[in-house]
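Enquirer:
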Amino acid sequence: MEAMYKLQNDKRVLIEKAQINFKKAPKDRITKIYVETRLESLEALWKEFLSTHNNIVQNASDVQRKSDKYFVDDIYDITEELYIFHKIQLKEVLNKFGYYSSDPKSKTNDHSTSNSVKLPKICIPKFSGNYAEWTTFKDLFTSLVHKNDTLEDVQKMHYLKGLLLGEAEQLVRHIAVTSDNYKECWSLLHSRYNNKRFLSNCLLKRLLSQANIIESSSSIKGLLDTTMECLNGLKNLGIDISTWDIIIIHIISSKLDFESRKQWETKLSSKDELPVLLEFKDFLEARFRALEFLNAGTNKPTASVIKKATTHHVISSDNKPNEVTCPFCKEGHKIAHCKKFAKESYEARHNFVQTRRLCFNCLNSNHSIKFCRHNGSCRICKRRHHSLLHPQSVSNSAVPNENSHIATEVKSAVSRVQASFSEDEPSPSNLVSYFSKGSLPKQVLLATALVEAQTRSGSTQLLRVLLDQGSQASFIAESAVQLLGLKKTPVKTVISGIGGEKSAFASKYSVTVTIHSRLDPSFSIQVHAFVLGSITSILPSKKLEVFIWPELTQITLADPDFHTPSKIDILLGAEIYGQVLRDGLIKSSPNAPIAQNTVLGWILSGQISTSDDPIHCHHVIHSMSDQADDNALLRQFWEIESVIPDQKILSDEEQRCENIFAQTTHRDKEGRYVVNLPFRDQDPQCQYGSSRDLAIRRFHLLENKFKRNPEIKARYSQVFQEYIDLGHMEPVPSDELNNISAVYLPHHAVVREDKTTTKVRIVFDASMKGLNGVSLNDDLMVGPRLQPPLRHIIMRWRMHPISLCADIVKMYRQVKVSSEHAEFQRVVWRDDPESVIKEYKLVRVTFGTAAAPYLAVKSLQQVAIDEGGSYPDVSEIIKNDFYVDDLMTGCQTVDQGLHLHERLTEVLTKGKFPLQKWVSSCNELNKRIQGHAERTKQKEEQERDIKLDSVVKILGISWDRQSDECKYSVQLPPQQFPVTKRRVISDIARLFDPLGWVAPCIIISKIFIQKLWLSGLDWDAELTPDLLSEWETYRASLVETNKISIPRWINTKSDDSLMELHGFCDASIAAYAAVVYVRTIDAEGKIHVNLITARTKVAPVKQQSVPRLELMGAVLLSELIIEVAKVMKISPPHIRAWTDSSIVLAWLSKHPSHWTTFVGNRVSTILSRIDNSHWAHVQSTHNPADLASRGLTPQELACSSLWSQGPPWLHEETIEYSRPKSIVTNTEKRTIKVHVATETQQEVPVWKYKTQQKHV
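Per the UniProt record's numbering: the sequence shown = residues 1 to 1256.
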């Protein structure tokens, strides 16, 4: 049986490789015979596989069917899917060759017809769940696939699922691809989307929502086509529209432009009967044809389209000589460049120009010197005539100076490229272009070299590079990327052209390529390059004579064929240029190029003379400043508020990640979770990157650093030894050392002195790219976010009378990686620099890999599912009260806390997630947990388990467990000079305030950021004196925030009927804010009010009215208070919202349609969350949100009871919910404008005309 199992596995691999190899086959190889041969081979493989499978099934016992891997892993089903999918692929390709016919009976006729007429391919549009698209999709799919008898149901199922997107794809995502499920899948789609009511609603909505048009043929044509399409769609649904003519005409005619409507009304003025739709249709067709005819004869200038300020790399090349004829010799050049004309005497030249009436300044024939716009002048006397017409000129080679046109020509090239790109290019960018112009009988030789570039498979290709010291970045041609098989990474860049012109360019990707010197095998370098269609034109422009420079015969050239015109594959920028230079420079005569020694060989550059006619050639080489538009991030502080969706729908990649975990994760004998790495592709490209040498090189650099810091080296060695002792890292067996597909990860130390346990942590660099430009992280999926936001966990933590915190010991390393995927996590290490480097593989989830957080958290939550069935409360805590490895929960009593400690320890221990550093706000509970540890664990584990520090830092919050208060802590580094925008933003980013407890202080920094943005300062420019003074004052005051503290427990119990939420909002011209408090009444009737959370936003740069900002603050409050209510499980009747704006209350009291679009949309959003009856008015002096919208210094905030406890009347037994008696406002009221046009007929005075004929 084992032999047959192995045979089946080999057949499965062959089928899988056949599919992969077919994908990789070049397009020119995909012929009809080639595909037919592959199909025959596939059928033969499947026949052999099926035969062996039948033998296995007949001979297998019941025990073997349950235990053998062949049956357990469903090898047959997997192989069948591979076979069917690949067969479909091959048949689809054969269909393109006319191999299959939808009607078997007509195959011969169809074949003969296809030889004479090649019909276009019929493509079925994909269906996303839009009702308006269903009918078209259904008709095409039914005729081409559903009713196609030559297709099997499983093939139809593949076609169907491949054509679905979005909501439609989600509807049938759970249905497996089998023959039996096809009809169920099609029926499910049919019942969902073949709904006449929904389809008719979509058509009517589209019909009635057409916008008013302008007078143009395309607008009228679009209006007519959309109308008829909707009416025909309604008719196809069985709806009788025969009596709708007058209604449709009235609706559509009202959307016409004034002139078209006037003509329609004029046409109807002579008729009394009602118009019919056909007549109206004929009128519109005649109207747009007339406009088309008129427009065809009028060439109006096209308005230039204003595009986004995108930035790209621009290269312009023009090798084509000007298509002009010399009036002197009749050859293809200008007379100014004519050698024969230049050889003539001054008198002959002067007489010829005068006789032919040419311009004496530019020698052109279409104007005189009086009207010449050419800026040039005589090079000898600087007067207004051509140099060839200077009386004393004897030069035979003088030419006009056209340098003044260079900027114009380059700018024009930039504009042409820019016009070819769409408006949705990624981002602004900064490119500076340099060029050399050859218009004299001389050329400028640019430095080129031949190098060996490494392909994805490890072999090399000979490429030609251009070394450019004037470019900040490197570039590579698309053809070279394809030749080397490099993986492209999407990028965003900033470019500006010559003269500061911004431009859009088609470079959207970058690659990493390794190049080697042909002459020095020890030299290689990784180059990060941007991908372009082409680098520049061929260099040099024409073939050069080598014998001109005899000095160069004694040296080895980097480009032996420098004199032969050829394309450029790679441009190496200034960063690489400096790394290849060597000592050595040869410079002979002024007309000979210079030779510079490099590791690539001697490169040649400089001016050269030629004896032939000049070729007018512009080579634009460019320099790029690669910086992201960080200012866009700053603008997020004051963009108008946006609503975050309550639930996030998983993306396709996130769903695939979830599926991989569900299908591949299992538990070992100890109960530990064993996971696979979630790769994007089945064949990860990182394994072909030959990363071992790179990892060793990085390790040598690390050892050099250790020599300078022996203490860190000692700690680092301890951590590595701990990995080995705990079994988290294993030596690679000697017989596996030569695995060329293994991926090696460099590593380095991260030192955190504030940590109580691990002060030195090893971070593995899974982002290091291999020689093929792909890293492990590039191939890994990140996975969805699984745990609640930090702010929600803290809110729930504050609800418990007794807090309870802990964390998981080495959480990532508690999850095991499958042995197969551990090969992607190899490392090199040695403790002694004199010993041999050893190789290890990490067998646990590794810190530094992109999927590590997802795998660790998902495994933790899986414990709650697998082991928490007996303890539902513990299961909920594991799912909702963990933030990565930190637990923040609580309990009502000490007994409940101890019970919770024991159950959490029991459940998580089963999944191998031990807890440590238990700490509680209750001293008694701490003692009982400590006593439990002393009875059940060793001394070392006891010390690890209990954390009795007075102040505990957890999730960035300083918590004093003795007073049970949360203290705000700011730790800024010493001020560095000069003070720049970059350093200011860095300091502000350190202000960690996830729940907005010090929002009145933080808003000052946000407003300051807006001032920095408006100032237009560069990131590394020093602040102006006024900004510097303001910043230093604010920065110095931040120390006072360390005195601010708030109670952790908010006096809440499990009974939500005793809890109320009160939210306040306000706005100033600088910012708007919202703040939420919880009001609780304990068993003794005592009232407690506590701050929960606050949020602020800077007012938009575009000035808004204060009422509008107040409304934006109300939107912010509605979002914030509903978020808190969901977390704290408080029902809507116990929610109250307060504002000091009477206008906002007036807006909320009317239907949204009563107001302008801006106000109406926001009123609708607010009322969908908080009913109007739950809004009330508060005096400005009692509104705590007023403090957050204007800002307070830390000293003022520390003394403000209004901020920490809310208005005083919240502490009273009864609260008066007041609103102004009469709330009326016309601010932002929607106005309806009626335009009445009347036509009066004026009698013509007949007496003014002598004859009746003139009167008529």
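Positions of the beta carbon are idealized from the N, C-alpha and C atoms, including for glycine.
I'd like to know if the region 1122 to 1137 and the region 1097 to 1110 are in contact, where contact means that at least 3 CB-CB pairs between them fall below 8 Å.
Expert: Segments in contact, no.
Enquirer: Could you tell me which of 713, 88, 365, 909 sits nearest to residue 335, measuring between CA atoms?
Expert: Nearest option by C-alpha distance: 365.
Enquirer: Is it the case that the region 690 to 702 contacts the region 859 to 878, given that we only count it when at least three CB pairs across the two stretches are under 8 Å?
Expert: The region 859 to 878, when compared against the region 690 to 702, does not touch it at the 8 Å Cβ threshold.
Enquirer: Buried or exposed: where does residue 1138 fall if 16 or more other Cβ atoms within 10 Å of its Cβ makes it buried?
Expert: The residue in question, residue 1138, is buried, as its Cβ has 16 or more Cβ neighbours within 10 Å.
Enquirer: Kindly identify the DSSP beta-bridge partner or partners of residue 829.
Expert: DSSP, once it has assigned bridges, lists 838 as partnering residue 829.
Enquirer: Pairing CB atoms from the region 778 to 795 with CB atoms from the region 808 to 817, are three or more of them under 8 Å?
Expert: No contact exists between the region 778 to 795 and the region 808 to 817.
Enquirer: For residue 567, verify whether its CB is less than 7 Å away from any heavy atom of the ligand NAP.
Expert: In the structure shown, the ligand NAP is absent, as is every other ligand, since no ligand is present at all.
Enquirer: Quick one: what does DSSP say residue 479 is sitting in, helix, strand or coil?
Expert: Note: residue 479 maps to helix in three-state DSSP.
Enquirer: Check for me: the alpha helix (DSSP H) holding residue 57 runs from which residue to which?
Expert: From DSSP, the alpha helix (DSSP H) with residue 57 extends over 32 to 59.
Enquirer: Identify which residue in 984, 981, 988 has its Cα closest to the Cα of residue 970.
Expert: Nearest of 984, 981, 988 to residue 970, Cα basis: 988.
Enquirer: According to DSSP, which residues form a beta bridge with residue 604?
Expert: DSSP, once it has assigned bridges, lists 595 as partnering residue 604.
Enquirer: Could you tell me which residues DSSP pairs with residue 966 in its beta bridges?
Expert: Residue 966 is bridged to 959, 1046.
Enquirer: At 4 residues or longer, what runs of the alpha helix (DSSP H) sit wholly inside the region 865 to 914?
Expert: Counting whole runs of 4 or more residues, the region 865 to 914 contains the alpha helix (DSSP H) stretches 872 to 880, 894 to 910.
Enquirer: Is the separation between the beta-carbon of residue 759 and that of residue 715 shorter than 8 Å?
Expert: For residue 759 and residue 715, yes; Cβs fall inside 8 Å.
Enquirer: For a quick check, are the C-beta atoms of residue 918 and residue 806 less than 8 Å apart?
Expert: In contact: residue 918 and residue 806 (Cβ atoms closer than 8 Å).
Enquirer: Here's the rule I'm using: 16 or more other beta-carbon atoms within 10 Å means buried, otherwise exposed. How should residue 961 be labelled?
Expert: It is buried - the Cβ of residue 961 has at least 16 other Cβ atoms within 10 Å.
Enquirer: Looking at residue 177 and residue 158, is the spacing between their C-beta atoms short of 8 Å?
Expert: Their beta carbons are under 8 Å apart, which means residue 158 touches residue 177 by this criterion.
Enquirer: With DSSP collapsed to three states, give me the class of residue 664.
Expert: Residue state, collapsed to three classes: helix.
Enquirer: Which of the three DSSP states is assigned to residue 1060 in this structure?
Expert: Strand.
Enquirer: Roughly how many angstroms lie between the CA atoms of residue 891 and residue 1212, to the nearest whole one?
Expert: If I take the Cα positions, the gap works out to 29 Å.
Enquirer: Pull up the distance between the alpha-carbon of residue 377 and that of residue 386, whole angstroms please.
Expert: Approximately 6 Å, taken between the alpha carbons.
Enquirer: Which residues in the same chain as residue 903 place their Cβ atom closer than 7 Å to its Cβ, once the five residues preceding and following it in sequence are excluded?
Expert: Excluding residues within five positions, the ones whose Cβ falls inside 7 Å are 871, 874.
Enquirer: Beta carbon of residue 601, beta carbon of residue 593: below 8 Å?
Expert: The answer is no: Cβ separation not under 8 Å.
Enquirer: Label residue 685 either buried or exposed according to how many other C-beta atoms from any shown protein chain fall within 10 Å of its C-beta, with 16 as the threshold for buried.
Expert: Buried, by the Cβ-count rule.
Enquirer: From what residue to what residue does the beta strand (DSSP E) around residue 1097 run?
Expert: Residue 1097 -> beta strand (DSSP E) spans 1087 to 1098.
Enquirer: Can you find the residues in the same chain that come closer than 6 Å, C-beta to C-beta, to residue 746, ignoring five residues on each side of it along the sequence?
Expert: Within the same chain, residue 746 has close Cβ partners 695, 698, 765, 768.
Enquirer: Taking the alpha helix (DSSP H) that residue 579 falls in, what are its first and last residues?
Expert: Residues 574 to 580.
Enquirer: Hey, residue 1091 and residue 1159: beta-carbon distance below 8 Å or not?
Expert: It is not a contact, given that the beta carbons lie outside the stated cut-off.
Enquirer: Are the beta-carbon atoms belonging to residue 1059 and residue 955 less than 8 Å from one another?
Expert: No, the pair does not count as a contact, with Cβ atoms beyond the cut-off.
Enquirer: Kindly indicate which three-state DSSP category residue 857 falls into: helix, strand or coil?
Expert: Correct three-state label for residue 857: helix.
Enquirer: Among 908, 953, 895, whose alpha-carbon lies nearest the alpha-carbon of residue 929?
Expert: Comparing Cα positions, the closest option is 895.
Enquirer: For residue 127 versus residue 163, is the C-beta distance shorter than 8 Å?
Expert: Yes.
Enquirer: Run through DSSP, which three-state label would residue 356 get?
Expert: Of the three classes helix, strand and coil, the one that applies to residue 356 here is coil, per DSSP.
Enquirer: By DSSP, does residue 1259 sit in helix, in strand, or in coil?
Expert: Coverage of the chain is limited to positions 1 through 1256, which leaves residue 1259 absent and any answer about it impossible.
Enquirer: Over the uninterrupted beta strand (DSSP E) stretch that includes residue 1138, give me the two end residues.
Expert: That run of the beta strand (DSSP E) goes 1135 to 1139.
Enquirer: So the candidates are 651, 182, 510, 463; which of them puts its Cα closest to the Cα of residue 560?
Expert: Taking only the C-alpha atoms, the option nearest residue 560 is 463.
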